[in-house]
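Notes follow the structure.
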Amino acid sequence: MKEILEILKADGRITPRQIAIMLDRDEAEVAATIKEMEEKKIILGYFTLINLDKVKGERVSAIIEVKLSPQREVGFDAIAERIYRFPEVSSVRLMSGSYDLSVMINGHTLQEVAYFVSNKLATIENVISTSTHFVLKTYKYHGTILDDAEEDRRLVVTP
Amino acid sequence: MTESINWRERLNPVVLDIPSSGIRRFFDLVSEMKGVISLGVGEPDFVTPWHIRESCVYSLEKGYTHYTSNNGLLELREAVVRDLEGDYNVSYNPLNEILITVGVSEALDLAMRALLCPGDEILIPEPSYVSYAPCATLTGARPVYLKTSVANGFQVTAEMVEKAITPKTKVLLLCYPNNPTGATIGREQLLEIMEVVRQHDLIVISDEIYGKLTYTGKHTCLPSLPGMRERTILLNGFSKSYAMTGWRVGYAAGNPDFIAAMKKIHQYTALCAPITGQVAALEALKNGRSQMNKMVEHYNRRRRLVLQAFEEMGLPCFEPGGAFYAFPDITGTGLTSEEFAEQLLKESKVAVVPGNAFGGQGEGFVRCAYATSVEELSEAFQRMRQFVRRRLGRGKILTGSFGKSESVKEGICKTS
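Protein chains in written order, with our numbering: chain A, 37 to 195; chain B, 847 to 1262.
Encoded structure:
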């Protein structure tokens, strides 16, 4: 299972048949394992990694540190849910340290992000404070270096 | 007007007589073309792991820019000894039994020059790496080929060695896992060969640069066999296992007399291996194991894909147990190795190396390196399949492409 995940993580388009050959396993067995992992939500989806800097159009991302006062019985989870349901929020994580939630949001303009933070996020009950950090440049994302100059520099034929 | 001088006449005839590498000619041909997928590269597609590169950068910042001892950094030699002990259970003294060299290439040259006299004979398996015979020739020795074939798994046998021995035979060269065939050799078979070696008092040069890239069975390090440590010069390095080809660091391990003789030549010709490379090699041995294992696993997966692709293509391919080469039999196409490689390049823009570049026994085969991404391999085999289909002239060849059925492949194209 681990090996299948490792291969799929590197290339989501690879077929069960290819995986089966690579791991010297039965194709049906690999396909069944993948299906099982999809059903158990171990595999959540197959996406395309896009370098948005190279796609035309205005885009702004920000990481917002959110301080909360936890709610009785549900702790941080209920507040986190109220936040992660917004489609402009791309990730929400509970953190150790000086703040509680790390919220990543994507918008088209600075104003859009600012509006979301001041009107939607900061006004949620139990949110004590927010601190917004706009992303200036992304160097590495999902384990991939965005502007990687490490192309194949080998000679075309060597002994 | 100045008289035209034939400078070639002034050259050493031994050098003149060495044929230029068959690979070189092919390299020139490939270099002129665009859009070529090359399966002709004899080195890893991985860039050296970052922690290794970073340690070299750090060493430069710290001023590690000087000569090292002729033998190489003691710390590196100690690490090499630990590595050999840990993996193969063979011990060496780092002080006088290890020599760090400028790649295995230098170690090979040193070993041959230290051992061989004009007129001596050295037994070399064929097909094999392109440097062995020319290095022997340069010493004035005579290469005698042990002709291995696909029928015996490209393995040297005790009988083969026995038959080739004459009173002039001094050295047996072994190179497993093998470039270009990917063949490995088992412990039992090596024991039989070593019996003959001891009987005839031969010395063995064992080039084990692909040793860590063994996928079936376990690699047997030759000097770990009983009685072989003293009569073997073991050659190894970091190029293939740690993706460090350009760093040029290798080593030789052997008895103090062999190593001292090799060091004598080394100190007058190379002085020492570059310190930057040595520092990087040390980091590789200290902390590179997990990344190396990962790379080996990747090669193994690609190896299986490649074998499957040849099977579907209708080209019989010997199952390589090591290195990162497949060596399919292309005689069914009616072409020679060179014709196959040249036509495949021109028609389908896939570069492979004609088998005869590795000696006469390689005729009828081509070498395909699978040290290339799965994506590139997939495309290369797609192209090769069509090429072969036209040559074999039968419509029956399976249509399954590189592990994907055509319909699945199309489906993917549409959604991407």
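Here a beta-carbon is modelled for each residue, glycine too, at the ideal position from N, C-alpha and C.
Linking residue 1076(B) to residue 1047(B) through their CA atoms gives a straight-line distance of about 12 Å.
Going by C-alpha positions, residue 897(B) is about 8 Å away from residue 1129(B). Around residue 123(A), no beta-carbon contact reaches into chain B at under 7 Å, the shortest distance being about 23 Å. Residue environment for residue 963(B): exposed (fewer than 16 other C-beta atoms within 10 angstroms of its C-beta). Counting C-beta atoms within 10 angstroms of its own C-beta, residue 170(A) has fewer than 16 neighbours from the protein chains shown and is therefore classed as exposed. Residues of the stretch 1128-1154 of chain B whose Cβ lies closer than 7 Å to any Cβ of chain A, in chain order: 1147, 1150, 1151 and 1154.
Where residue 1121(B) is concerned, there is no enclosing beta strand (DSSP E), although the alpha helix (DSSP H) around it starts and stops at 1121-1133. By the neighbour-count definition (other C-beta atoms within 10 Å, threshold 16), residue 853(B) is an exposed residue. Residues of the stretch 867-884 of chain B with a C-beta less than 8 Å from any C-beta of chain A: 867, 869, 872, 873, 876, 877, 882 and 884, listed in chain order.
In this chain, residue 153(A) is not harboured by any beta strand (DSSP E), its DSSP state being neither H nor E.
For residue 126(A), no alpha helix (DSSP H) run applies; the uninterrupted beta strand (DSSP E) run containing it begins and ends at 125-130, by DSSP. Residues of the stretch 957-981 of chain B with a Cβ closer than 8 Å to any Cβ of chain A, in chain order: 975, 976 and 977.
Our two residues, residue 1090(B) and residue 62(A), have alpha carbons roughly 35 Å apart in a direct line.
At a cut-off of 8 Å between beta-carbon atoms, residue 190(A) makes contact with chain B.
Here residue 1100(B) has 1079 as same chain residues with Cβ atoms under 6 Å from its own Cβ, once five neighbours each way along the sequence are excluded. By the rule that beta-carbons nearer than 8 Å mark a contact, residue 101(A) does not touch chain B.
Two segments are said to touch when three or more pairs of C-beta atoms, one from each, lie closer than 8 Å; by this definition the stretch 1213-1228 of chain B touches the stretch 1163-1171 of chain B. A straight line joining the alpha-carbon of residue 959(B) with that of residue 181(A) spans about 47 Å.
With fewer than 16 neighbouring CB atoms inside 10 Å of its own CB, residue 123(A) falls in the exposed class. Each residue's CA atom was taken as its position, placing residue 1022(B) and residue 880(B) some 34 Å apart.
Relative to residue 894(B), the option among 194(A), 190(A) and 93(A) whose CA is nearest is 190(A). Minimum Cα-Cα distance from residue 93(A) among the listed residues 177(A), 176(A), 166(A) and 145(A) corresponds to 145(A). In this structure, 970(B) is the residue among 1182(B), 1187(B), 938(B) and 970(B) with its C-alpha nearest to the C-alpha of residue 1049(B). Between residue 950(B) and residue 1055(B), the CB-CB gap stays under 8 Å. In the DSSP assignment, residue 1213(B) falls within the unbroken beta strand (DSSP E) covering 1212-1215. Taking the Cα positions, residue 975(B) is about 14 Å away from residue 865(B).
For residue 57(A), the chain B residues whose C-beta falls within less than 7 Å of its own C-beta are 1150, 1151, 1154 and 1249, listed in chain order. Beta-carbon to beta-carbon, residue 968(B) and residue 957(B) are separated by about 10 Å, too far to satisfy the 8 Å threshold.
In its chain, beyond the 5 residues on either side, 891 have a beta carbon closer than 7 Å to the beta carbon of residue 1219(B).
Residue 1058(B) and residue 1141(B) have their C-alpha atoms roughly 11 Å apart. Taking C-beta atoms as the reference points, residue 140(A) and residue 97(A) count as a pair closer than 8 Å. Sequence-ordered contacts of the stretch 77-108 of chain A with chain B are nonexistent [C-beta pairs closer than 7 Å].
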